[in-house]
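Using the UniProt record's numbering, the first residue of the sequence shown is number 1, and each one after it goes up by one.
Positions of the beta carbon are idealized from the N, C-alpha and C atoms, including for glycine.
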Amino acid sequence: MSITREKAAERYPRLGQLIAGEMKYDGGWSTIDVIDPTTGSVLGAVSMATEADVDEALAAASKGFDIWRNTSAFERSKLMRKVAERMRESAEALAELLVLELGKPWNEALGEVEVAAGMWEWAAEEGKRAYGRVIPSRESNARQMVLVEPVGPVAAFVTWNGPLVTPSRKMSGALGAGCSIVLRASEEVPACAFALGQIVYECGLPAGALSVLTGDPVMMSRNLLESPITRAVTFTGSTNVGKQLSQLAVSHMKRPIMELGGHAPVLVFDGINIQDFAKRAVAAKFANCGQVCFAPTRFYVQRSIYPDIVDAMTEEAKRIVVGCGFDPKTQMGPLKSERRLQAIERLVDDARQRGLRVTTGGRSLDRPGFFFEPTVVADVTTEPKLSNEEPFGPIAALTPFDTYEEAIALANRLPYGLSAFVHARDFETLHRATNDVEAGNVICNGWRVTYPETPFGGHKESGMLSEGGIEGLRAFQNVKYAVLS
Ligand code: NAD
């Protein structure tokens, strides 16, 4: 990789609105700056769609839906597989945008492109399997059928921490199910979503089946959800905004698909290989600078191995090379924004004021951009903000426990229920924990939470319905009972 940040920044694209298959650049829109988290400087300008743009996208989605739903599942699949291929062919160009907009290291960015392409491939295949069934009838001449149909035009809202995977999840799920989709891209990382939308159209999507817009979130959510054209809403973001959007969706009887916040517990029992655990735990914790909804955040460690785990994780965290994502040595980039940097500083200040042990890190870096050191905080009780608020940043909180019951109670004490991790050698402990932990994903002796083919969704206040896997397409489908007699 020989791309420099400066060269990449010069190439940052002009942004507009992608409506009904056409990239529009001259809408006379107001704009806001897109900020490069590595330097704090302005990368480009994102335009704010008007109500008329949203109406145009909705009308296009209605027409696009008619065409797309009547395109055979095999044709749809062919086109979507082509999208995956094109994404792989354009991997370097897409990774460049990811590093610029989010600051993540180059290899992580290439990894995100591959994961996102895999989502298109999975949905392309699964879309062919919208199987219904025949129910034996009480009448001799009747054929009773259950049909599976696309729900209709979908409104989608995404946050910034997965600039390519999150739009890919929404677009591939909805299009794979036969729906059309209007996606509001994140104003903080817009170029990735537009680049993806353009790839989808280059692969031959009928005009209108997809629009990508940026604009005021309140206006756009109101207009998209109040419209009779929209049939479902999918949102990835915080629990607070998810609750507001769900209320709006339900009041207009649109299906809410909600992928919300988390604060993932990690239960660590004795008998594990401490060095190996620490190495992998730290890699999982600090990936994407900790800005991952399913990132491990609350480490509950059996007391007999607690001091060794604190030491080993501290040593591993100290070794992480922080820097610009275009530098091949970099293992962790900056936080996305000043707002996120301040949120992390607040959590660490609160921990310090309460006398908790910050065993490594704990400070922002004295350089431009939004860099914060990989941080380990030990002996964390239940009171600090860090134990209760989703950190969404490079902080690991460690706490000792004595009994299995205490560990489970700690894991389940928050309203979140997105992901959880259990590390133990004893099969019975693992087996019980998969039952007892309240989370949509329980990962035992591993760290990879999601693949395109596995369902991903939160329990409790972490969400409603799933993305990915068979369930990810089902969320965008309706069941219809039809009888022939
Ligand atoms: P946020 O909810 O504040 O913002 C998310 C997006 O929603 C932003 O683009 C914002 O402009 C937009 N938004 C704000 N108000 C809106 C409204 N009324 N209608 C429509 N859109 C609105 O979240 P954030 O802090 O930017 O993102 C981080 C959060 O996202 C974390 O809580 C994280 O766990 C969560 N997340 C969840 C998943 C998942 O799959 N469960 C994945 C990634 C991130």
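| Check | Outcome |
| --- | --- |
| Tyr201 - containing alpha helix (DSSP H), residue span | Pro190 to Glu202 |
| Same chain only: Cβ atoms within 7 Å of Gly362, ignoring 5 sequence neighbours per side | Val348, Glu373 and Thr375 |
| Euclidean distance between Cα positions of Thr403 and Ala283 | 27 Å |
| Of the listed residues Asp33, Val358, Glu96 and Gly127, nearest to Glu188 (C-alpha basis) | Asp33 |
| Limits of the beta strand (DSSP E) - the one that Gln477 falls within | Gln477 to Leu484 |
| CA-to-CA distance, Asn445 to Glu316, given in whole angstroms | 19 Å |
| Inter-stretch contact (C-beta, 8 Å, three-pair minimum) for the segment 94 to 106 and the segment 146 to 163 | yes |
| Status (buried if at least 16 other CB within 10 Å, exposed otherwise) for His423 | buried |
| Minimum C-alpha distance to Leu356 - residue among Ser466, Gly197, Ala396 and Ile272 | Ala396 |
| Endpoints, the beta strand (DSSP E) within which His229 is located | Inspection of the sequence shows that residue 229 is occupied by Ile rather than by His. Unbroken run through Ile229: none, as it is neither H nor E. |
| Stretch pair the segment 123 to 139 + the segment 49 to 58: three plus CB contacts closer than 8 Å | no |
| Range covered by the beta strand (DSSP E) that runs through Gly132 | That residue, Gly132, is in no beta strand (DSSP E); it is neither H nor E in DSSP. |
| Arg303 and Pro265 closer than 8 Å at C-beta | no |
| According to DSSP, residues forming a beta bridge with His423 | Val268 |
| Option nearest Gly261 by Cα separation, candidates Ala249, Leu414 and Ala207 | Leu414 |
| Close-in-space but distant-in-sequence residues of the same chain around Ala278 (CB under 7 Å, 5 per side omitted) | Ile309, Ala312, Met313 and Glu316 |
| Given 8 Å, three or more beta-carbon pairs between the segment 23 to 33 and the segment 165 to 183 | no |
| Three-way DSSP call (helix, strand, coil) for Ile32 in this model | strand |
| Ordered list of beta strand (DSSP E) runs contained in the segment 404 to 469, each at least 3 residues | 419 to 423 and 441 to 444 |
| Coil, strand or helix - Glu22 by DSSP | strand |
| Where Arg11 falls: helix, strand or coil (DSSP) | coil |
| Other residues of its chain near Leu196: CB distance less than 6 Å, five sequence neighbours each side excluded | Pro167 |
| Which residues DSSP lists as bridging Tyr300, in chain order | Leu267 and Thr399 |
| Proximity test, Leu245 beta-carbon vs the ligand NAD heavy atom, cut-off 7 Å | yes |
| Inter-residue spacing [alpha-carbon to alpha-carbon] between Ile443 and Cys293 | 14 Å |
| beta-carbon Cys289 near the ligand NAD non-hydrogen atom, thresh 7 Å | no |
| Assigned secondary structure, Arg86 (DSSP; H/G/I helix, E/B strand, else coil) | helix |
| DSSP beta-bridge partners of Met332 | Val322 |
| Beta-carbon proximity check, Ala73 vs Gly127, cutoff 8 Å | yes |
| Length of the line joining the Cα atoms of Ser227 and Val233 | 12 Å |
| Which residues DSSP lists as bridging Leu183, in chain order | Ala156 and Val212 |
| Buried versus exposed call for Leu205 [16 or more other C-beta atoms within 10 Å across all chains shown] | buried |
| Alpha carbon of Ala407 to alpha carbon of Cys179, nearest angstrom | 43 Å |
| Exposure label - Ile470; buried when at least 16 CB within 10 Å | exposed |
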